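Numbering (my numbering), first residue to last: 16 to 140.
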């Protein structure tokens with residue numbers, strides 16, 4: 016048996032518990048004794064013990080702030096690339112367009128007209 020086998024097995028047990036979203040198993044593997052494991056794995060597991068509550072929440076709940084972090088990153092990138100925009104309102108509009116939150120007045124008017132036509136056709140039928 017190789018000296019790294021226990022470390023390898025523990026790492027993969029933790030990975031499988033995370034992948035299966037099994038908080039009970041994850042907690043069990045984090046709380047197990049780290050004697051006999053390599054220094055690196057022991058250090059990583061001790062770090063997991065410090066942040067155990069947050070790791071268990073990440074496994075238990077489907078919500079994540081990942082999409083929000085990605086959006087913030089896009090805004091920072093746009094800010095860096097668009098240095099020198101003449102006004103804040105132009106910068107704001109660019110962010111809204113990028114995030115697909117901006118809907119022009121023309122588009123709103125077209126949709127309203129289409130909806131009115133559909134409702135008239137449905138009422139006539």
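No residue lacks a Cβ here, since even glycine has one placed at the ideal position from N, Cα and C. If you're wondering where the values come from, they're calculated on a predicted model, not measured in any experiment.
1. Within this structure, are the beta carbons of residue 32 and residue 24 separated by less than 9 Å?
2. According to DSSP, is residue 113 helix, strand or coil?
3. Could you tell me the distance, in whole angstroms, from the CA atom of residue 141 to the CA atom of residue 94?
4. Between the Cα of residue 92 and those of 72, 109, 80, spot the shortest distance and give me the residue it belongs to.
5. Looking at the ligand ATP, does it come within less than 8 Å of residue 86, judged from the CB to the closest heavy atom?
6. Could you compute how far the alpha carbon of residue 106 sits from the alpha carbon of residue 47?
7. Quick one: Cα of residue 53 to Cα of residue 22, how far?
8. Give the straight-line distance between the Cα atoms of residue 79 and residue 134, rounded to the nearest whole angstrom.
9. Apply the 10 Å Cβ neighbour rule to residue 44 and answer buried if 16 or more other Cβ atoms are within range, or exposed otherwise.
10. Can you name, in chain order, every residue of its own chain whose Cβ lies under 6 Å from the Cβ of residue 67, other than the five neighbours on each side?
11. What are the boundary residues of the alpha helix (DSSP H) that residue 46 is part of?
Inspection of the coordinates gives the following:
1. Along the chain shown, read from residue 1 onward, the residue named residue 32 stands at position 17. Along the chain shown, read from residue 1 onward, the residue named residue 24 stands at position 9. No, the pair does not count as a contact, with Cβ atoms beyond the cut-off.
2. Residue mapping note: residue 113 aligns to position 98 of the chain shown, counting from 1. Judged by DSSP in its simplified three-state form, residue 113 adopts helix.
3. Missing from the structure shown is residue 141; the chain here goes from 16 to 140 and no further.
4. Position 77 of the chain shown, counting from 1, holds the residue named residue 92. Here the closest residue by C-alpha is 109.
5. Absence of the ligand ATP from the depicted structure is noted, as is the absence of any ligand whatsoever, leaving it without description.
6. Working through the chain shown from its first residue, we reach residue 106 at position 91. Working through the chain shown from its first residue, we reach residue 47 at position 32. Straight-line measurement puts the Cα of residue 47 at about 52 Å from the Cα of residue 106.
7. Here residue 53 refers to the residue found at position 38 of the chain shown. Here residue 22 refers to the residue found at position 7 of the chain shown. A direct Cα-Cα distance of roughly 6 Å separates residue 53 from residue 22.
8. Within the chain shown, numbered from 1, the residue matching residue 79 stands at position 64. Within the chain shown, numbered from 1, the residue matching residue 134 stands at position 119. Residue 134 has its alpha-carbon roughly 40 Å from the corresponding atom of residue 79.
9. Residue numbering aside, residue 44 sits at position 29 when the chain shown is read from its first letter. Buried, because 16 or more other Cβ atoms sit within 10 Å of the Cβ of residue 44.
10. Within the chain shown, the letter at position 52 stands for residue 67. Counting only Cβ-Cβ distances below 6 Å, and skipping sequence neighbours, we find 45.
11. Taking the first residue of the chain shown as 1, we reach residue 46 at position 31. In the DSSP annotation of this structure, the continuous segment of the alpha helix (DSSP H) that includes residue 46 starts and ends at 38 to 46.
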